[in-house]
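Line by line, the protein sequences are chains Z and L.
Under the working numbering, the first sequence has 55 at position 55, and the numbering climbs by one with no breaks.
Under the working numbering, the second sequence has 138 at position 138, and the numbering climbs by one with no breaks.
Here the structure is laid out as structure tokens; the discussion comes afterwards.
Protein chains: 2
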Amino acid sequence: MPRKLVECVPNVSEGRDKEAVAVMAEAIRSVPNVFLLDVQSDPDHHRSVFTFVGEPEAVAEAVFRLFEAALPRIDLRHHRGEHPRMGAVDVVPLVPVRGVKMADCVELAKKVGAEIWRRFHVPVYLYGEAATRPERADLSEIRKGEFEGFFEKIKDPQWAPDFGDPVVHPTAGVTAVGAREFLIAFNVNLGTSDLRVAKEIAKAVRFSSGGLRYVKALGMELKERGIVQVSMNLTNFRKTPLPRVLELVRREAARFGVPVVGTEIVGLIPEEALVQVAEYYLQLEKFSPAQVLERRIEEALGGA
Amino acid sequence: MPRKLVECVPNVSEGRDKEAVAVMAEAIRSVPNVFLLDVQSDPDHHRSVFTFVGEPEAVAEAVFRLFEAALPRIDLRHHRGEHPRMGAVDVVPLVPVRGVKMADCVELAKKVGAEIWRRFHVPVYLYGEAATRPERADLSEIRKGEFEGFFEKIKDPQWAPDFGDPVVHPTAGVTAVGAREFLIAFNVNLGTSDLRVAKEIAKAVRFSSGGLRYVKALGMELKERGIVQVSMNLTNFRKTPLPRVLELVRREAARFGVPVVGTEIVGLIPEEALVQVAEYYLQLEKFSPAQVLERRIEEALGGA
Numbered sequence: 001m002p003r004k005l006v007e008c009v010p011n012v013s014e015g016r017d018k019e020a021v022a023v024m025a026e027a028i029r030s031v032p033n034v035f036l037l038d039v040q041s042d043p044d045h046h047r048s049v050f051t052f053v054g055e056p057e058a059v060a061e062a063v064f065r066l067f068e069a070a071l072p073r074i075d076l077r078h079h080r081g082e083h084p085r086m087g088a089v090d091v092v093p094l095v096p097v098r099g100v101k102m103a104d105c106v107e108l109a110k111k112v113g114a115e116i117w118r119r120f121h122v123p124v125y126l127y128g129e130a131a132t133r134p135e136r137a138d139l140s141e142i143r144k145g146e147f148e149g150f151f152e153k154i155k156d157p158q159w160a161p162d163f164g165d166p167v168v169h170p171t172a173g174v175t176a177v178g179a180r181e182f183l184i185a186f187n188v189n190l191g192t193s194d195l196r197v198a199k200e201i202a203k204a205v206r207f208s209s210g211g212l213r214y215v216k217a218l219g220m221e222l223k224e225r226g227i228v229q230v231s232m233n234l235t236n237f238r239k240t241p242l243p244r245v246l247e248l249v250r251r252e253a254a255r256f257g258v259p260v261v262g263t264e265i266v267g268l269i270p271e272e273a274l275v276q277v278a279e280y281y282l283q284l285e286k287f288s289p290a291q292v293l294e295r296r297i298e299e300a301l302g303g304a
Numbered sequence: 001m002p003r004k005l006v007e008c009v010p011n012v013s014e015g016r017d018k019e020a021v022a023v024m025a026e027a028i029r030s031v032p033n034v035f036l037l038d039v040q041s042d043p044d045h046h047r048s049v050f051t052f053v054g055e056p057e058a059v060a061e062a063v064f065r066l067f068e069a070a071l072p073r074i075d076l077r078h079h080r081g082e083h084p085r086m087g088a089v090d091v092v093p094l095v096p097v098r099g100v101k102m103a104d105c106v107e108l109a110k111k112v113g114a115e116i117w118r119r120f121h122v123p124v125y126l127y128g129e130a131a132t133r134p135e136r137a138d139l140s141e142i143r144k145g146e147f148e149g150f151f152e153k154i155k156d157p158q159w160a161p162d163f164g165d166p167v168v169h170p171t172a173g174v175t176a177v178g179a180r181e182f183l184i185a186f187n188v189n190l191g192t193s194d195l196r197v198a199k200e201i202a203k204a205v206r207f208s209s210g211g212l213r214y215v216k217a218l219g220m221e222l223k224e225r226g227i228v229q230v231s232m233n234l235t236n237f238r239k240t241p242l243p244r245v246l247e248l249v250r251r252e253a254a255r256f257g258v259p260v261v262g263t264e265i266v267g268l269i270p271e272e273a274l275v276q277v278a279e280y281y282l283q284l285e286k287f288s289p290a291q292v293l294e295r296r297i298e299e300a301l302g303g304a
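Following this line, the structure appears as structure tokens:
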């Protein structure tokens, strides 16, 4: 396994033409030492999400090849889907996974952003941890107005792109490139059918209404099972650890006399988060991730 | 990383001559795709422990090369140490780590055992999960009498070797080859200086005095910190999971009004055990180890 690993999760505005999506996937895969882990297309959203990892340089190259494949195949003038979008390649998040710091991903976002403008004449906005202004940290703020509105929005000096002239690409719009932490989708199932309980707990734990800083949460029904769920995104598990979130949910549920009956992790979780869970609940003193057998084996393989 | 991974932890009766130990380590390392993770020598025990991993075939070859290196360098007729021993290469445990079942390691132990007799004329006893009789499951039962006593013991039909004639190798004795689960060394620190509390808890949780089946436990003092510790070996974390052991210790400690102030994992822990801890405390439903990001990346690497 490479020593330095960045995850990249670009979203493109094509979720219906399977052949086009396959060409884009192949473009990413064509870069040596880039590993495409997942492709999800949503026809209703008319949008696809690629998940790939690699060393920083290789990831940058894969982003450029994705642009090469996507731009001739997507024309936003004829694009209608449920998901808001402003670019053919709408957003390019870079996530530090291993041997790489957030600052490295911010640096990479800047390099990639500058190059996207240079090569493809698509204006670029830096967002997330790479944002150059507070109001650009939040992707949805940047995206307001979408493709159609950007022809005006881009002329406002407050919304001048970070890279490129204030000229929207006629078919590919504009792109947001940013750095963020790994996102963990974590759901907690509750032993009640009362949706209000899930909604109240979601309100208590999420950032937007006074809860934990890196938690987004919604209350939902699981109708088939006759129970409710607090559905969460943990946007920075290093600073707001998963076990702390669960224990806070558990305490809030206890106020209603409701037990936690189960949880689920949707998609992927980094080994570091598992180590964090073990450290928390086992009360581990001085545990090092190098004590994980597989990590040690990797190190031995790397040194071979 | 290889798909199939066996860990091997041979103990040899040499813990003082650093050069001899280095030659043995090099013999293991010389096998392609074998990864030596650790070497520990104890001069008082006059014994060294090598930890290495690899695919089953490669691990077998490394064991043979270890014998080639060890036999000319160890003469048990002149060996005195604190640790009981019956062979120059005293014991060869094989541990399933990944993509390999216990039955595969039992098979491997038999293959390796037969070959040790054929090549080196050292009689071999199968132990642990590979044992051919109940009394041979426990290594210490086999080792009773040690090297010096084996010249008589081996003539007893009950103690006929599994491989080889009943003739002790004149300088290298006999060897035990077996299969066992990965061993986790797990210590729980208690908020008291009263050693009796640690001893009582150890007695409650360990197999030998009525506790959990795959737990060995001792009460010890941590004098520098003024506290006591329950020091444990978990000999089968799949069947007696680490979180269950900790929670039982915690309950027993509560009887004395004593809190768990911390824990430690000594040495290595497999990723699977971390997943187990997360599943237990997070109450995870349907979690798959394939959801660990690094595992997914490995799979992608393997498929590349």
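Yeah, the Cβ is synthetic: ideal placement off N, Cα and C, and Gly gets one too.
Taking all protein chains shown into account, do 16 or more other C-beta atoms lie within 10 angstroms of the C-beta of Ser231 of chain Z, making it buried, or fewer, making it exposed? buried
So which residues on chain L does Tyr281 of chain Z lean against when the C-beta distance must stay under 9 Å? Pro243, Leu246, Val277, Ala278, Tyr280, Tyr281 and Leu282
Can you grab the Cα-Cα spacing for the pair Gly178 of chain L / Glu129 of chain L, in whole Å? 7 Å
Sort L:Lys4, L:Leu37 and L:Pro2 by Cα distance to Glu299 of chain Z and report the nearest one. L:Leu37
Please list the partners that Ile201 of chain L has in chain Z, where partner means a Cβ-to-Cβ separation under 9 Å. Simply none; closest approach about 15 Å.
Do you know whose CA, among Z:Gly81, Z:Ser209 and Z:Glu221, lies nearest Arg196 of chain Z's CA? Z:Glu221
Closest by CA to Val89 of chain L, which one among L:Ala69, L:Val95 and L:Arg80? L:Ala69
Decide if Ala254 of chain Z is buried, meaning its Cβ has at least 16 other Cβ atoms within 10 Å, or exposed. exposed
Please list, in chain order, the chain Z residues whose beta carbon lies closer than 8 Å to that of Arg206 of chain L. Within chain Z, no residue comes near Arg206 of chain L; the closest Cβ sits about 19 Å away, beyond 8 Å.
Taking Met286 of chain L as the reference, which of Z:Arg225, Z:Ile265 and Z:Val292 has the closest Cα? This sequence places Lys at residue 286 of chain L; Met is not what is there. With distances taken between Cα atoms, Lys286 of chain L lies closest to Z:Ile265.
Counting Cβ pairs closer than 8 Å, one from the region 274 to 293 of chain Z and one from the region 267 to 278 of chain L, do we hit at least three? yes
Does the beta carbon of Ile297 of chain Z come closer than 8 Å to any beta carbon on chain L? yes
Under 8 Å by Cβ, that's how I've got Phe237 of chain Z and Phe182 of chain Z pegged, so tell me the actual separation to the nearest angstrom. 7 Å
Going by Cα to Cα distance, which pick from Z:Glu247, Z:Glu146 and Z:Arg136 is closest to Val188 of chain Z? Z:Glu247
Entirely enclosed alpha helix (DSSP H) segments - the region 207 to 285 of chain L, minimum 4 residues: 242 to 255 and 271 to 282
What are the start and end residues of each continuous alpha helix (DSSP H) run of 4 or more residues lying completely inside the region 133 to 201 of chain Z, in chain order? 139 to 143 and 146 to 153
Hey, out of L:Val261, L:Ile74, L:Tyr281 and L:Arg244, whose CA is closest to Leu234 of chain L's CA? L:Arg244
Could you tell me if Thr132 of chain L is buried or exposed, where buried requires 16 or more neighbouring beta carbons within 10 angstroms of its beta carbon? exposed
Alpha carbon to alpha carbon, what distance is there between Phe207 of chain L and Gly303 of chain L? Residue confidence for Gly303 of chain L is low, a pLDDT of 49 falling below 50, so the modelled location carries little weight and cannot support an answer.
N- and C-terminal bounds of the beta strand (DSSP E) containing Leu71 of chain Z: No beta strand (DSSP E) holds Leu71 of chain Z; DSSP gives it neither H nor E.
Please check the pair Val6 of chain Z and Pro96 of chain Z, which I expect to be a contact at CB under 8 Å, by giving their CB distance rounded to whole angstroms. 6 Å
One question on the structure: do Ala185 of chain L and Gly267 of chain L come within less than 8 Å of each other, judged by their Cβ atoms? yes
State the CB to CB distance for the pair His79 of chain Z and Ser140 of chain Z, rounded to an integer number of angstroms; the pair is presumed to be in contact (CB under 8 Å). About 18 Å separates the two Cβ atoms, so there is no contact after all.
8 Å Cβ cutoff met for Ala160 of chain L and Lys111 of chain L: no
For the region 163 to 170 of chain L against the region 120 to 129 of chain L, are there 3 or more C-beta pairs whose distance is under 8 Å? yes
Is the region 148 to 164 of chain L in contact with the region 202 to 216 of chain L, if contact means three or more CB pairs nearer than 8 Å? no
Among Z:Met24, Z:Arg85, Z:Val91 and Z:Val53, nearest to His45 of chain Z - alpha-carbon criterion: Z:Arg85
Scan the region 248 to 268 of chain L for residues whose Cβ lies nearer than 8 Å to a Cβ of chain Z and list them as they occur along the chain. Val260, Val261, Gly262, Thr263, Glu264, Ile265, Gly267 and Leu268
Option in Z:Ala58, Z:Phe50, Z:Asn11 and Z:Glu19 with minimal Cα separation from Lys4 of chain Z: Z:Ala58
Name, please, each residue of chain Z whose Cβ falls closer than 9 Å to the Cβ of Phe64 of chain L. What Phe64 of chain L touches in chain Z: nothing, since even the nearest Cβ is about 20 Å away.
Counting only C-beta atoms, is Ala300 of chain Z closer than 8 Å to chain L at any point? yes
Could you work out which residue in L:Leu282, L:Glu200 and L:Ala217 is closest to Val258 of chain L when comparing CA atoms only? L:Glu200
So Phe35 of chain L is in the beta strand (DSSP E); what residue range does that whole segment cover? Val34 to Asp42
Under DSSP, the beta strand (DSSP E) around Glu7 of chain Z begins and ends at which residues? Leu5 to Cys8
Buried or exposed by the 16-neighbour rule on C-beta atoms within 10 Å, applied to Glu279 of chain L: buried
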